[in-house]
Structures are given as C-alpha cells and as structure tokens.
Amino acid sequence: MSSYGFGGANNANRVVRDATRELAERTAAASRRRQGAGRPDAVLDELSVALVRAVELDSQALPVDPRVRVNFLRQLLRGLHQWVELTRPMVGIDRSLDLIIERGRRQRHEAAVAANVQVHKMALRTIRPEDRLLLLEFDALTFDCDVATLLKRTGLGQEELPRARWRKVRNKADMLLAKLDALSDSPDPENLFAAVTGLLVRIYHRSDGGRSRRARRLLDAALARCKEQPVGNVHLGLLMLRLRECETVSEEIEFASRITLLLRDSPAPVFSPERAGYMTYIADEITHAIARLAFSDDPAAHRCAAGLARDMSNWFTIPSVEDRIPVAHILIADSHAIVLIEHADDVLVHVFPVAIEPLMALAGLSIHPPVDEIDQPRENRQRLSAELRSVLGVIAEYDTIRLNPLRFAAWIPWTALKFNQRTLAEGRDIAWMNPFPQLVAAPSNYTVDDEQPIGGTALVMDDSLGLHDGTVRAFKNAPNSVTVFSSDDRVSRLTPEVLQRACRGKAGLVFFCHASSDLHDYSLAGIPTGTESSRLTLREVAELDLRHVRWAAVIACESGRPNSFLPATSVAHALACAGVDVVVGTLWEIGARTTGPKFLKALRRELDRRPDDLAGGFRSIQRDDPTAMMAFSLIAR
C-alpha cells in the first residue's frame, strides 16, 4: 500500500475503481484489435502491461469495500481471459511466438486461479444470493484459461484438446453446466447466463468428442435470451457455436443468414472499431463455416458460402460490386485453398490442397521483419507462386475479375504472384473487390466547387521517405501541386483538411506515404503524421469528398508486412471510399532513385495518352517493362 500512498478507505476505493475502469477500457480495446501481419503479438504486449499493473495493485491489499474488490477482480479475470482469447488465432504462426503464448497462458491461468480463490473466499460474507451467476462466471473464465494451457496446435491458428485430457475436462465442464442449468431461473440483469453458456459450450468444441445434449439445450436457451439484446460479441459467439452444431446444410444456411442479418442491422457504424471487434471474435468460425458450406454438394450452400465471404468484407464497409464482374473469394482452411467464383447468381467452387510451409514463412515475416524489404519478400512470392499455381490458374481464366481474399489469404500478395512467367495482374483487368460505400459513412465537411475546372495532378509526399527530385520533375510538364508533410515532425502534419485542399481541382493524385494497414478495418489503420500517436486514420481518408479525382496512385510501405503491397492497398481502398474512380497501390520503394523516376515518367506518359484509363495505363507499364516495375494492387470501379 505504501507505494501508492493512500491511507484511507475512500482513497483506496477511488484508486481501485479507477484501476477497474482503466482495465475495462484496455480489455475492450484489445477485444477490438484485429490480428494480422505486422507484429500480431503487439496487442498482447499492450494488454500484458495493463494486466501486470492490475496484478501489482491487487497485491497491495488496499483496504477497499468488498464490492469494489469483487468488481476489480472480475475485470482482472476478464482481462486475463481476453489475453488468452487473443492468442487463439495466433498459434502456429511462429515458433518463438508459440513459446510466448504457452508461457503467457500458464501465467494468466495462475493469476486467474488466484483471483477466483479470492472471490470465493469473500463469497461467504459478501456475495448476495442473486450473485451466484457471477461466481459461476469466475469459475467458467478460470476453467477456460486452464483448458487453454492444455491445447495442442493442429495447424495455423488451430488447436485441439488431446483425447487423453478430454475425460477430465469433460467432467469439469459437465459439473459447471449442471450448476448453470440450476441457475437458469435466477435474476440475470447482465445476461451472464448467455456469456457463461458460450464459454462452456466452446470448451466442448475443443475436442471431436465434444457433444452434450444439455449443452445444446442451454445454448438454445441462451440464444433465446439474446434475441432482445443489442448485437454484441456474446450474441454473435453463441450464433457461431450453434452454427458449428448444425446437422444439415439447410440448418447451416439458416444460422449463417441470421449472423449476416444481425451484423448488417448492427447500429455500429461502418469503419467502426466495434465492427472490427465482431470480426476478431468470430472470424475464425466464419471462415470454417464457409469452408464447410463450400465442401457441400448443394448449390444453395455454395451461394451461402459466397454470401458469407462477401459479408466478411461488408461488415466494415458497404461494397458495391457489379454483378457483371466475377468475384473470387479466396480463403485458406485446413491446408486447403478454397476459391469461390461468384458471378451473378452462379457460384463455382474450387478446392486445392496447399502446403503450409510457404504460408508459415509468409506469416513469419510479420514476426521477424526482414532487413531487405525487397529480395526476401520477392523470394517468398516465388515460392507462393509455385505453391498456389492451381489457384492462380483459376483466377487467370478471367480477363476481368475482382479478388476478395479473406483472413490469412489477405496476407498473400495475389496480384504480385506470377503465373506463366507473368504477374497475375499483367494484361488483365484484375483488382481487389471494391469496398467503397454507396453512401459516405459520415457527412463530409467539405464541398466540391462545381464551377472549378478539374485538371492536373496533386503530389502529396512524406519527406521522410527521402524521395529524389525526379519525383517532382516527372510531372513538370503538367499542371500540378506539391504538398509535403512529415511523419517525423509535428509541425508538418498531414490532416484531412490538408489532403482535401491538396486535391482541390485536381484530376489525379500521387500519394507517397508510410501506412499502417488493415484491409478490412479502416478504424485501426492510418498514415503516421508527426509521431506514432499522431496519424491520419483511413476512416478519415474514406470520409473525404474526392469524387472529382478521377485516379490516384498510392506508393506506401510498412516495415514487417509479409504482404508488402497491403499498406498501399489499404490506403487505396480508403481513397476509393472517398470517391476516386480508379486507384493503384504499390511499394514505396518504387520511389527510389533508380526505379522511381522511370516509373513516374511512364505513368505521366500513359496518363497523357489516355487520362481516363489509369488501369489500362498500368497494364501497359507492366507489359513494357515487367521486370523493373513492381507489381500493383488495383482497385477500380
């Protein structure tokens, strides 16, 4: 207690309440973080700091009211469990990360047991009869942390409970389910019945033998209670558990449709962290549901699978893809690559076995960023091109197609892979599925002056990239404006107003920047502008009004990305949301002293020749000089 310097109960209560609130905020923020490339363990580190501080505070044994301590311990246990939850999709990415996860799970379990013991000791004198569900929540969270220490990796992001451990775990799960059943009529203002049901049913699913009639009955009862609740992680999680237990294709289609309708009707706005949290919570289950539907022989199941794949992207934006353009939904599940070609009302399913090693190497680049951002990723792309040749062949059958890679498949730089000695994008109208909303998510603060003539190019550049003067000289024969900002300087920051003003009256935009990327979650991605905590979020970019800008080229980077093109692609998507007709993204190394000016001159030449066909211009550039030019991620309306 002395380290905090509080001698009175009131002060101690205030300190613990503040700590409870801070831990709740950190836990909620962690639950909204999406795991992907670019140090996926960073979110674990951030939550770990908050948990360590909370455990240290608890060890001070401050003289606080019992209810204050119970609330604090409850939030501590939820935070410990959230850390364990975040590790589930990360297993198998990298051996060193697996060791961190294994050690961390044991530590979290020990802390959870200690917190649970404290609460049960206090229960005899402080817990009210109507709080028995609260005690059961403590038991279920602690038990799930215990089970996590027993799981064994079976694949990338996949774990299973060994059969030798299942009997002991099953007995404990049965006992807790019986307690839950007995409390089904208890007062439940916080809907803890549903939360505890979800925790226990998921434990049954950790093993192939995990079936229980009582678990199914309680799951259906919990879902019935959730019907009147607003959309949230608990409700979505229960639906996903019920989806896994479906015994017929028609039943699976029914519950998959309920999930998508629930998300579409969510009050959470597009681009919001809340929607990102939903994806973090259930994306793994959704991916496997798509795979199960794809393996069915029922065409209705195939259409449902394609709809789910589309909705995985729709949850963050409202896309508009014309039916006349085929869309390839791509996912990796259980050592198979699944491609769903959706065109109008038809869905073609292609399934190919894939070796996991090249994909693991791709994931490893995010944990151990290469010193050389060019050669090592290029070597990995060559391995992927060979391993995914069958998938590339299916996509290459279409002259015009849009790609919608999901989850781990989104790490793969598809358009940069080679098929028959050419990059996949070369000579084809191939682009990523366009997620620009039909209506801008929030009203723009800016208006376009219809009287102002549109022409010329806006160059917006981060001067910390050390760009050569040739960048500007490449556009010297065209009317252009140059806007320089710095990601290392608070003064020369890039703001929404600066970017909007730079593009005023311009037909084109060339944008050089660093970027933190997440293709399907603009709310947590952005462009550094001055300091790490200062950034222009991609949500802010997406909410600009750039409908007068006909084309944009984004040249961006982010160290440690296995898919080096993803940062530029994310910014390109945001610009498409802002109304730009055609956007191309590529590596910022394109702006280096040798390749950069050559690329920009070729870009200028193509735009002079056909100013309204940026996509065609890029294909010409690649055809004329396919070895020197980087591959591109293309987004076109």
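Heads up: the sequence shown is residues 857 to 1493, going by the working numbering.
For glycine and all other residues, C-beta sits at the position ideal for the given N, C-alpha and C.
Can you tell me whether residue i is helix, strand or coil according to DSSP?
i: His1199; result: strand
i: Glu1015; result: strand
i: Val920; result: coil
i: Asn869; result: helix
i: Lys1035; result: helix
i: Pro1209; result: strand
i: Gly894; result: With a pLDDT of only 46 at Gly894, under 50, the local geometry of the prediction cannot be trusted, and no value is derived from it.
i: Leu907; result: helix
i: Ser1246; result: helix
i: Phe862; result: Note that Phe862 has pLDDT 46, beneath the 50 cutoff, so the model's placement of it is unreliable and the number below is only indicative. Phe862: coil per DSSP, three-state reduction.
i: Pro1214; result: helix
i: Cys1359; result: coil
i: Arg1258; result: strand
i: Met1168; result: helix
i: Cys1102; result: coil
i: Leu1280; result: coil
i: Phe1368; result: strand
i: Asp1285; result: strand
i: Arg1339; result: First, the residue type needs correcting, since residue 1339 is Thr and not Arg in the sequence shown. Three-state result, Thr1339: strand.
i: Val1439; result: strand
i: Lys1008; result: strand
i: Leu1315; result: strand
i: Gly1382; result: strand
i: Phe1264; result: helix
i: Ala1112; result: helix
i: Gly1473; result: helix
How close, in whole Å, do the beta carbons of residue i and residue j come, if the pair is a contact with beta carbons under 8 Å?
i: Leu1055; j: Leu1033; result: Not quite, the Cβ-Cβ distance comes to about 11 Å (not below 8 Å), so this is no contact.
i: Leu1463; j: Gly1364; result: 7 Å
i: Asp1319; j: His1370; result: Actually they do not touch by this definition, with Cβ atoms about 12 Å apart.
i: Gly1011; j: Asp1190; result: 7 Å
i: Leu1187; j: Ala1265; result: 5 Å
i: Ala1314; j: Thr1339; result: 7 Å
i: Arg1069; j: Asp1037; result: Not a contact, Cβ separation roughly 11 Å.
i: Thr1385; j: Leu1392; result: 5 Å
i: Ala1029; j: Tyr1060; result: 6 Å
i: Ala1287; j: Arg1263; result: Not a contact, Cβ separation roughly 20 Å.
i: Thr998; j: Leu933; result: 7 Å
Quick check: the Cα distance between residue i and residue j, rounded to an integer number of angstroms?
i: Arg1058; j: Leu1097; result: 7 Å
i: His976; j: Asp987; result: 12 Å
i: Pro1018; j: Pro1209; result: 25 Å
i: Ile1251; j: Ile1268; result: 14 Å
i: Val1410; j: Ser1122; result: 32 Å
i: Ala1150; j: Ser1343; result: 45 Å
i: Ser1348; j: Ala1381; result: 20 Å
i: Leu1215; j: Leu1244; result: 10 Å
i: Lys1099; j: Phe1111; result: It is Leu, not Lys, that sits at residue 1099 in the sequence shown. One C-alpha to the other measures close to 6 Å.
i: Val973; j: Val1397; result: 49 Å
i: Ile1115; j: Leu1092; result: 7 Å
i: Ile1142; j: Leu1117; result: 14 Å
i: Val871; j: Glu1353; result: 41 Å
i: Leu900; j: Glu878; result: 16 Å
i: Arg1460; j: Gly1473; result: 9 Å
i: Asp1401; j: Pro1261; result: 27 Å
i: Asn867; j: Leu1075; result: 43 Å
i: Trp939; j: Leu989; result: 23 Å
i: Glu993; j: Gln916; result: 25 Å
i: Arg1284; j: Leu1470; result: 13 Å
i: Leu1095; j: Ala1051; result: 12 Å
i: Arg925; j: Val1090; result: 25 Å
Among the options, which residue has its Cα nearest to the Cα of residue i?
i: Leu1048; options: Leu1350, Arg930, Val1340, Phe1368; result: Arg930
i: Ala1156; options: Ala1184, Asp1469, Ile1186, Ile1109; result: Ile1109
i: His1158; options: His1206, Ser1122, Glu1141; result: His1206
i: Cys1413; options: Ala1430, Ser1372, Cys1433; result: Ser1372
i: Ile920; options: Arg1100, Asn869, Leu955, Glu878; result: Here residue 920 turns out to be Val, not Ile, going by the sequence shown. Among Arg1100, Asn869, Leu955, Glu878, the Cα nearest to that of Val920 belongs to Asn869.
i: Asn1236; options: Leu1273, Val1090, Val1203, Asp1202; result: Leu1273
i: Met1289; options: Trp1270, Arg925, Arg877, Asn972; result: Trp1270
i: Ala845; options: Leu1006, Asp914, Ile1142; result: Any question about residue 845 goes unanswered here, given that the chain covers just 857 to 1493.
i: Val1366; options: Ile1383, Leu1456, Leu1280; result: Leu1456
i: Ile949; options: Leu1218, Ala1050, Arg873; result: Leu1218
i: Ser1476; options: Lys1454, Glu1282, Arg1406; result: Glu1282
Is the shortest distance between the beta-carbon of residue i and the beta-carbons of chain D less than 8 Å?
i: Thr1339; result: Protein chain content of the structure displayed is limited to a single chain, and chain D is not contained in it.
Evaluate the contact criterion for the stretch 901 to 912 versus the stretch 869 to 886: three or more CB pairs, one atom per stretch, below 8 Å.
-> Segments in contact, yes.
Could you say if the stretch 1151 to 1165 and the stretch 1236 to 1245 meet the contact criterion of at least three C-beta pairs nearer than 8 Å?
-> no
Taking three-plus beta-carbon pairs below 8 Å as touching, is the stretch 1145 to 1160 in contact with the stretch 1187 to 1206?
-> yes
Between the stretch 995 to 1013 and the stretch 1179 to 1186, do three or more beta carbon pairs fall short of 8 Å?
-> They do not touch, by the three-pair rule.
Segment contact, 8 Å Cβ cut-off, at least three pairs: the stretch 960 to 969 with the stretch 1017 to 1031 | Segment contact: the stretch 960 to 969 against the stretch 1017 to 1031, fewer than three CB-CB distances shorter than 8 Å; contact not assigned.
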